[in-house]
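Below is one structure, written out as structure tokens; comments come after it.
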Amino acid sequence: MHEERLLSHIQPNETTRQSAVLVAFYPSDGEVFLPLILRPAYDGTHGGQMALPGGKMEYADENLVRTALREAQEEIGVKAMDVNIIGELTDVFIPVSNFIVKPIVGYLDYKPDFFPDKREVEKIIEVKFSEFLKLENKGIRSITVGKRNLVVPGFDIQNQWVWGATALIINEIVEVVVS
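At position 11 of the sequence shown (counting the first as 1) the number is 11 in full-length UniProt numbering, and the numbers step up by one without a gap.
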């Protein structure tokens, strides 16, 4: 608990890096889906975690929408030119990696073929959006990240715990849809 308080006091500063993720809705079998990725296990901060496709802004990216589209194309093979942008959600600051994440929301008119980048994506999990609306899939868990024990809210989706920035972003979408 003490370490949680320490992290909550970290604020964005001049070294904070800009990044973006893509929430890409698409139709399949009469339902609305979105892809999540399982990052490969590694010693870094986000190894083995569930995430939305995305990453850091590069010099050539004219804006964060372009960052999200480029990263989704690189990580999961979604054709950037086929994504219709709906809008943006609230920025999320991630203290442990010093990133500000801009969630970009878009949709495709078709179910895409996915091609995961083996270095960045262990697995792509296609999730019905309705799974995030089910109360039984929401909860709080105690997890260990590095040497820290944290109690975090999230979603239990297909035997994976979706938490952190990804859960915050998805929860904001749920709130917009439900209200």
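For each residue, glycine too, the CB sits at the ideal point set by N, CA and C.
(message) Need the endpoints of the beta strand (DSSP E) that GLN160 sits in, please.
(response) 160–163
(message) Can you find the residues in the same chain that come closer than 8 angstroms, C-beta to C-beta, to GLN18, ignoring five residues on each side of it along the sequence?
(response) LYS56, MET57, LEU64, THR67, PHE99, ILE100, LYS102
(request) Starting from THR15, follow the alpha helix (DSSP H) in both directions and report where the run begins and ends. (result) Premise fails: THR15 is in no alpha helix (DSSP H) and is neither H nor E.
(request) On the DSSP bridge assignment, give the partners of THR144 in chain order. (result) ASN149
(message) Please list the terminal residues of the continuous alpha helix (DSSP H) segment that includes GLU71.
(response) 64–76
(message) Within 8 angstroms, do at least three Cβ pairs link the segment 111–125 to the segment 70–89?
(response) yes
(request) Leaving aside the five residues before and after ALA20 along the sequence, list all residues of the same chain whose C-beta is less than 6 angstroms from its C-beta, in chain order. (result) GLY54, LEU64, THR67, ALA68, LYS102, ILE104
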